[in-house]
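Asker: Each residue of the sequence shown is one higher than the one before, counting from 1 in UniProt numbering.
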Amino acid sequence: MSEPIRVRGQIRRLGLPSGESVVARCRDFCRVALEDWDWPGSPGTTGLTPAERELAIEDVLLVVSEAVTNACLHAGGPTELVIRLAPADPRRPAEVAGDLRIEVSDRSSRTPAFRPHGAPGTPGGNGLIVIDRLTRAWGAVTTEAGKSVWMEVATPVPASRPRAGAGETP
């Protein structure tokens, strides 16, 4: 198997005509893009454990699910999903991928309203809280056709690991 070719940045777009299973379709689309791009980087060379790597991917897919679900519930459904892979940071090892930007467009010009807490005792209302916690930044821009909600996800860094013998007393 050949190594993935690192280019200056990549982009994938998915047009979303109305239909069922849009959330699952968007998650699958993003999972394939992340696999194709080897995001967050080659196993064994990023310093991430396999579990950390999979958790980073699952976090991205959860962000996508929440953003697409919000578009379905509050904006008549999404019209397009865009995922961008930024160029890798030249200060990091070449095997480490760049950061991600995810955009979900819809036909509503109403921007999302962040509430720090969902309504007590009622399910739901936590989508933007999840997005806020799992992304480096997020926001919305109005467009001619409605709006685009964007989210930036930083490439993960390995959790610090204790040095051999750390915590031992002499």
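From the three backbone atoms N, C-alpha and C, an ideal C-beta is built for every residue, glycine too.
#1: If I'm right that Arg107 touches Ala75 with Cβ under 8 Å, what's the distance once you round it to whole angstroms?
#2: Starting from Thr143, trace the alpha helix (DSSP H) in both directions and tell me its first and last residue.
#3: Helix, strand or coil: which one does DSSP assign to Trp37?
#4: Could you give the C-beta distance for Val63 and Val153, rounded to a whole number, given that I count them as a contact under 8 Å?
#5: How would you call Glu103, buried or exposed, if buried means at least 16 neighbouring beta carbons within 10 angstroms?
#6: Beta carbon of Glu9, beta carbon of Arg91: below 8 Å?
#7: Measuring only the C-alpha atoms, how far is Ser148 from Gly98?
Answerer: Reading from the atomic positions:
#1: 7 Å
#2: Run containing Thr143: none in the alpha helix (DSSP H); it sits in the beta strand (DSSP E), Ala137 to Thr143.
#3: helix
#4: 7 Å
#5: buried
#6: The question names Glu, but residue 9 in the sequence shown is Gly. Result no, Cβ atoms of Gly9 and Arg91 do not sit closer than 8 Å.
#7: 22 Å
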